[in-house]
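Beneath this line is the structure, given in structure tokens, with notes to follow.
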Amino acid sequence: MWPKSITAFFGGLALSVSIMLSLYLLIPLAIDVKLLIGLIAGFLIWVGAMVYYFSYNSAKASGLACIKLLLISVAVNAFLFLTK
Amino acid sequence: MNTQIANSQTTKSNKIIKNLTESHSWIGVIISPLLFLIFWAGAVTLFYEEVKQWAVAPQFPVAIQQQEMPLQQIVEAKLAQHPFDYQEHLMVQMPSLHDPYYKVYLDLIREEGMEDEHGEVASLLVDSQSGKTVANKEDFFLADFLYQLHYNLNLPAGTYIVGIISLFFFFALVSGVFIHAKKLFRQFFQYRTDKKRRDKLLDLHNVVGVMTLPFTLMYALSGLVFNLAIVYQIAFVVFIYQGDQDALFKDAGFTLFDEARIEHPLDMTPAYHIIEEARENPDFNVSNVVFYHYGDEAAIIQIRGDNLSYFSQHDEFFYRVKTGELLSKTDINNYNVFRKGREVIATLHFGNFAGVDVRILYFILSISICVMILVGNMLWLDKRSLQQNVSARSIRFVRGLSVGSCGGLVLATAVAFLCERIIPASISARSDMMVYAFVISLVATMFLAYRVENKKRYIAQVLFATVVVLILTLLADWLMFSSQIIQLWQNGFRAVVGVEVGMSLFITVGIFVIKKLDVLKQTETRSDTAGVLVDGESL
Numbered sequence: 027m028w029p030k031s032i033t034a035f036f037g038g039l040a041l042s043v044s045i046m047l048s049l050y051l052l053i054p055l056a057i058d059v060k061l062l063i064g065l066i067a068g069f070l071i072w073v074g075a076m077v078y079y080f081s082y083n084s085a086k087a088s089g090l091a092c093i094k095l096l097l098i099s100v101a102v103n104a105f106l107f108l109t110k
Numbered sequence: 238m239n240t241q242i243a244n245s246q247t248t249k250s251n252k253i254i255k256n257l258t259e260s261h262s263w264i265g266v267i268i269s270p271l272l273f274l275i276f277w278a279g280a281v282t283l284f285y286e287e288v289k290q291w292a293v294a295p296q297f298p299v300a301i302q303q304q305e306m307p308l309q310q311i312v313e314a315k316l317a318q319h320p321f322d323y324q325e326h327l328m329v330q331m332p333s334l335h336d337p338y339y340k341v342y343l344d345l346i347r348e349e350g351m352e353d354e355h356g357e358v359a360s361l362l363v364d365s366q367s368g369k370t371v372a373n374k375e376d377f378f379l380a381d382f383l384y385q386l387h388y389n390l391n392l393p394a395g396t397y398i399v400g401i402i403s404l405f406f407f408f409a410l411v412s413g414v415f416i417h418a419k420k421l422f423r424q425f426f427q428y429r430t431d432k433k434r435r436d437k438l439l440d441l442h443n444v445v446g447v448m449t450l451p452f453t454l455m456y457a458l459s460g461l462v463f464n465l466a467i468v469y470q471i472a473f474v475v476f477i478y479q480g481d482q483d484a485l486f487k488d489a490g491f492t493l494f495d496e497a498r499i500e501h502p503l504d505m506t507p508a509y510h511i512i513e514e515a516r517e518n519p520d521f522n523v524s525n526v527v528f529y530h531y532g533d534e535a536a537i538i539q540i541r542g543d544n545l546s547y548f549s550q551h552d553e554f555f556y557r558v559k560t561g562e563l564l565s566k567t568d569i570n571n572y573n574v575f576r577k578g579r580e581v582i583a584t585l586h587f588g589n590f591a592g593v594d595v596r597i598l599y600f601i602l603s604i605s606i607c608v609m610i611l612v613g614n615m616l617w618l619d620k621r622s623l624q625q626n627v628s629a630r631s632i633r634f635v636r637g638l639s640v641g642s643c644g645g646l647v648l649a650t651a652v653a654f655l656c657e658r659i660i661p662a663s664i665s666a667r668s669d670m671m672v673y674a675f676v677i678s679l680v681a682t683m684f685l686a687y688r689v690e691n692k693k694r695y696i697a698q699v700l701f702a703t704v705v706v707l708i709l710t711l712l713a714d715w716l717m718f719s720s721q722i723i724q725l726w727q728n729g730f731r732a733v734v735g736v737e738v739g740m741s742l743f744i745t746v747g748i749f750v751i752k753k754l755d756v757l758k759q760t761e762t763r764s765d766t767a768g769v770l771v772d773g774e775s776l
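Order-wise, the sequence lines are chains A and B.
One gets this note's numbering by counting positions in the first sequence from 1 and adding 26 to each.
One gets this note's numbering by counting positions in the second sequence from 1 and adding 237 to each.
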């Protein structure tokens, strides 16, 4: 359970930060609104990702799912930063 | 074919639920001692002001019939008595209907070679009528100690530890919803009294979990916002603000003034006129005032308070003292969404948006969650006790930890209350003594929890000790301060009696539970595998 927990904690954190940055760049609202949405959405995504990673049978499967999601999210972020 | 697909989907779904159930119980057991501590200390902290008043007011009753001393006279007397660092700020917390003292915070001059570090702060409790310093605020540490225990465990990195516990608690809630989803409405209030012990425990865990869900979700999210927001703050500063933290704070609605001193003296009387004007507004409750560059031409005052006409509306005004110019304001028409959102979250978290009745409701819910945490551990122990591959040592460890830490916290809190009452106010290290007494009673209870075999009997003994300590506290209250308590009641300060009523209720409930457990007279020891904390009959 420890490896799965570590994946869920850090994988969820990385994914939430990445998606939160994408949201910040995508949402056409005032900065203060985006900051609030980013903060709350960040935690919700983190916990959602943890639930998703813990739902796998093994730490390995959980880690692979984590990497897949992270790569997609980082690619979206890279695109958004480059086209900003 | 369709049946096969349906079966495969059901198996997959069952597997997901099984994985989530395993992680829910595993994480639940790991975080349970600290989560119990956070909820227990939080439940008591809901009455922070009352506990503070209970500790201080009988020792230094304020003669409210006397003429109130002007604030300027009080502040300048304190500045003359302490080596205030004029480069820093000075804060005054205002007295209120329930709290008759000014709290004055002065940043003192730092020692040579320590200029870059945060210096010592004098926190003075000042009689609002006579202007006398009655004590240092830290001398009556109980309420602050419990509050700090709630949000940072009184540990250096405790804020982040509490944040991480909140995160896993949030996970436990969401995974609990997934696990229980199919029965969420069908078995909303189900509590089977005629079934096996495990069914009863499970029903209790589920019923409390479902009924407190909106409350617990709010607590988990707000706990994260207070304790782990640093994570996203760093991400924003690095990726969006290119390292400019001040720009982020400005966008988040936190006003920063970094003007330098001019080093020309200034009479601060206009500042007090502005404060008086603000205090005369019946819809605005001034909570505190901060002075920057006191006595200098660059002086600025910041007035903060609550707009009583709106929910969770904290107003803030900055004035330049020399000209009386309003530099910045935050009110119902001018607010930053991020800051306002954070304040609404804080208001919901502390339950201070209404009267004491809401806080009593919050308290009941918090204690219910403490029970849910304990029952969760009992379910884990019951299940593991029946499994062959689980070591007896790990079961013994979790069992001792559950009984020792939870029971120990309750007893230690009662001991801290007794110490806060009986240690004389003149002893300078009284707050340290109170903390030591708390820690010693907690550690001793935890240690004994591993030594005593009959856990049910041990719980009754710990509860009995708590009841005795609380009775002693009440006796000390009335033996030491009966006339002051009566005088405070007559002057409208009800917090002291309110806390005593709370203690009396705890004593009553404690005696009821001890009687229900019915073990104090038994002499034989018993340690059946399922009788982990208490057996089924007592539930």
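Every residue gets a Cβ at the ideal spot worked out from N, C-alpha and C, and that includes glycine.
Listed in chain order, the non-local C-beta contacts of residue 654/B below 6 Å within the same chain comprise 710, local neighbours out to five positions each way being set aside. Residue-level contact by beta carbon fails for residue 89/A and chain B, as no gap is shorter than 9 Å.
Among the residues of the region 258-277 of chain B, those with a Cβ less than 8 Å away from any Cβ of chain A are 259, 260, 263 and 264, in the order of the chain.
What residue 43/A touches in chain B, judged by beta-carbon distance under 8 Å, is 468, 469 and 472, going in chain order. For residue 374/B, there is no enclosing alpha helix (DSSP H), since its DSSP letter is neither H nor E.
A Cβ-Cβ contact shorter than 9 Å links residue 657/B with residue 671/B. By the Cβ-count criterion, residue 370/B is buried, with 16 or more other Cβ atoms from all chains shown falling within 10 Å of its own Cβ. Taken through DSSP and simplified to helix, strand or coil, residue 555/B comes out as strand.
When DSSP reads this structure, residue 563/B sits in a beta bridge with 556/B. Between the region 41-48 of chain A and the region 71-79 of chain A there are three or more inter-stretch CB-CB distances shorter than 8 Å, so the stretches are counted as touching.
Per DSSP, residue 328/B is one residue of the beta strand (DSSP E) stretching across 326-330. Between residue 548/B and chain A, the shortest Cβ-Cβ separation is not below 9 Å. The three-state reading of DSSP puts residue 524/B in strand, counting E and B together. Going by C-alpha positions, residue 637/B is about 14 Å away from residue 612/B. The three-state secondary structure of residue 626/B, taken from DSSP, is coil. Listed in chain order, the non-local C-beta contacts of residue 341/B below 6 Å within the same chain comprise 315, 329, 361 and 363, local neighbours out to five positions each way being set aside. The shortest C-alpha to C-alpha distance from residue 695/B to any of 733/B, 650/B and 641/B is the one to 641/B. For the set 687/B, 320/B, 336/B and 334/B, the Cα lying nearest the Cα of residue 346/B is the one of 320/B. At least one C-beta of chain B is nearer than 9 Å to the C-beta of residue 31/A. Secondary structure of residue 296/B (DSSP, three-state): coil. Linking residue 445/B to residue 551/B through their CA atoms gives a straight-line distance of about 34 Å. Non-local C-beta neighbours of residue 734/B in its own chain, meaning closer than 6 Å and more than five positions away in sequence, comprise 726, ordered along the chain. Using a CB distance cut-off of 9 Å, residue 37/A does not count as an interface residue toward chain B. In the DSSP assignment, the residues bridged to residue 502/B are 533/B. In the structure shown, residue 42/A falls within a helical segment according to DSSP collapsed to helix, strand and coil. Bounds of the beta strand (DSSP E) holding residue 339/B are 338-344.
Taking every protein chain shown into account, the CB of residue 248/B has fewer than 16 other CB atoms within 10 angstroms, so this residue is exposed.
With the rule of 3 Cβ pairs closer than 8 Å, the region 454-468 of chain B counts as touching the region 577-589 of chain B.
According to DSSP, residue 321/B shares a beta bridge with 345/B. When only Cα atoms are considered, residue 549/B and residue 589/B end up about 9 Å apart. By the 16-neighbour rule on beta-carbons within 10 angstroms, residue 683/B is buried. Residues of chain B with a Cβ closer than 7 Å to the Cβ of residue 81/A are, in chain order, 253, 256 and 257.
Between residue 82/A and residue 30/A, the CB-CB gap stays under 9 Å. Partner residues in the beta bridge of residue 363/B, as assigned by DSSP, are 339/B and 370/B.
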